[in-house]
Amino acid sequence: MRVLQLATTNAPFFAEQVRALEDRGVDCTVHTVPENAGGRSITSYASFYRTVLRETRRKQYDVVHANYGLLGPLARFQPARPFVLTVWGSEVMGYSKRLDAITRFGIAGADAVVAPSQSVARNVAAPTDLVPFGVDTERFQPMDQAAARAELGWDEEENVVLFPYHPDRDVKDYPRAERVVAATDPDARLEWVAGVPHDEVPVYMNAADAVLVTSKRESGPMVVKEAAACNVPVVSTDVGFARDVLAGVRHSDVADDDDELADALSRALDADTPADGRDRIDVLGVERMAEKLEGVYRRELARRGAA
């Protein structure tokens, strides 16, 4: 099976999706929207659309898979079929009327729509296939905290809260994280991580006493699943699929009020046992995600064949 994978960016979780599909024998060709000095502009998307048309005319594909709502219209107006659209989340959550409208247009022309969580699916006005984003459970797994801290040079006795983004990203709201940690434990240290190789991130997660997400909006966030796979407590604002993932996970919680976030973080820091998020791995694994996606592809190909 040949699948043309279209994405706005080659994010680590998307790269894992492609790798897992190829491990199942699905031949994936990946194209991402080019960036210029100012980021991704209308010109970038126009150039990308020409690339999509050229690629679908040059090579025979069984399925075109657009990953993220902005690419829906581009995938809709190309000759290859069937066309599958995965909605990542933020493009249907009401954060931008224009983005919502573009995504709805793509959804209307898709043969199948994939959502990564129930919270995203509830915002899609069409039948959806629920395919949770997968986590590499061999990479993201529990490790000894003392060993992780020794590797990073962190103090073993200190309470450390991990902010898993760069503090300059406004949408991640680092100032709020600072307020929450200060209200929880003035002696705790807020440590941020960004720009390190993806295979080093589990060391930071396992070295921390808790992971704190204070984002204003999210498509995921994948860091919630990755920390859960490491059995590290997670406290998060109610964004993306955080509530779905953390439901019932020990020492982890979702809240929007600063006081509630601080209370949840305090409970996480006081816990004397690890979180148990890894028990949910059967719904987070990369291999299961790839199996479900391949099932969507084959179902839509069968429908096309029957038609």
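Residue numbers (the working numbering): 928 to 1234.
From the three backbone atoms N, C-alpha and C, an ideal C-beta is built for every residue, glycine too.
In chain order, what residues of the same chain have a beta carbon less than 8 Å from the beta carbon of A1032, not counting five sequence neighbours either side? Mapped onto the sequence shown, residue 1032 falls at position 105. According to the sequence provided, residue 1032 is Phe. The question's Ala does not apply to it. Excluding sequence neighbours, F1032 sits near G999, P1000 and R1003.
Using a 10 Å radius around the Cβ and a threshold of 16 neighbouring Cβ atoms, would you call E943 buried or exposed? Taking the sequence shown and counting its residues from 1, the one referred to as residue 943 is at position 16. E943 comes out buried.
Determine, using beta-carbon pairs with one atom in the region 948-958 and one in the region 1184-1191, whether at least three such pairs fall under 8 Å. In the pairwise beta carbon analysis, the region 948-958 is classified as not touching the region 1184-1191: fewer than three pairs are separated by under 8 Å.
Pairing CB atoms from the region 1028-1048 with CB atoms from the region 1065-1079, are three or more of them under 8 Å? Contact fails between the region 1028-1048 and the region 1065-1079, because fewer than three Cβ pairs, one in each stretch, are under 8 Å apart.
When burial is assigned at 16 or more other CB atoms within 10 Å of the CB, is V926 buried or exposed? Residue 926 is absent from the model: the chain starts at 928 and stops at 1234.
Taking C-alpha atoms, which residue in S1146, D1114 and M1132 lies nearest to F1060? For the purposes of this step, residue 1060 is identified with residue 133 of the sequence shown, where counting begins at 1. Between F1060 and the set S1146, D1114 and M1132, the nearest pair of CA atoms involves S1146.
As assigned by DSSP and simplified to three states, the class of Q1068: Within the sequence shown, numbered from 1, the residue matching residue 1068 stands at position 141. It is coil, neither helix nor strand.
For S1023, count neighbouring Cβ atoms within 10 angstroms of its own Cβ and tell me buried if that reaches 16, exposed if not. The count along the sequence shown starts at 1 and reaches residue 1023 at position 96. The residue in question, S1023, is exposed, as its Cβ has fewer than 16 Cβ neighbours within 10 Å.
Look at the Cβ atom of R1116, then the Cβ atom of V1087, and state whether they are nearer than 7 Å. Counting from one through the sequence shown, the residue named residue 1116 turns up at place 189. Counting from one through the sequence shown, the residue named residue 1087 turns up at place 160. A contact, by the Cβ cut-off of 7 Å.
Buried versus exposed call for P1006 [16 or more other C-beta atoms within 10 Å across all chains shown]: Translated into positions along the sequence shown, residue 1006 becomes position 79. Exposed, because fewer than 16 other Cβ atoms sit within 10 Å of the Cβ of P1006.
Contacting residues, own chain, Cβ-Cβ under 6 Å from R1103 (five flanking each side not counted): The residue given as residue 1103 occupies position 176 in the sequence shown. Scanning its chain for C-beta atoms nearer than 6 Å, with the 5 sequence neighbours on each side dropped, one finds around R1103 the residues T1141, in chain order.
Mark I1034 as exposed unless 16 or more other C-beta atoms lie within 10 angstroms of its C-beta, in which case mark it buried. Numbered from its first residue, the sequence shown carries residue 1034 at position 107. Buried is the call here.
Identify, in the order they occur along the chain, each residue of the same chain with its Cβ nearer than 8 Å to the Cβ of V1051, setting aside the five sequence neighbours on each side. Taking the first residue of the sequence shown as 1, we reach residue 1051 at position 124. Contacts found: V1014, V1019, I1034, V1040 and A1042.
Does N1133 come out as helix, strand or coil in the three-state DSSP assignment? As a working mapping, residue 1133 is identified with position 206 in the sequence shown. In this structure, N1133 counts as helix in the three-state DSSP scheme.
Ends of the beta strand (DSSP E) at E1118? Counted from its first residue, the sequence shown places residue 1118 at position 191. E1118 -> beta strand (DSSP E) spans R1116 to W1119.
How many Å lie between T1055 and D1203 at the Cα? Here residue 1055 corresponds to residue number 128 of the sequence shown, with the count starting at 1. Here residue 1203 corresponds to residue number 276 of the sequence shown, with the count starting at 1. Going from the Cα of T1055 to the Cα of D1203 covers about 29 Å.
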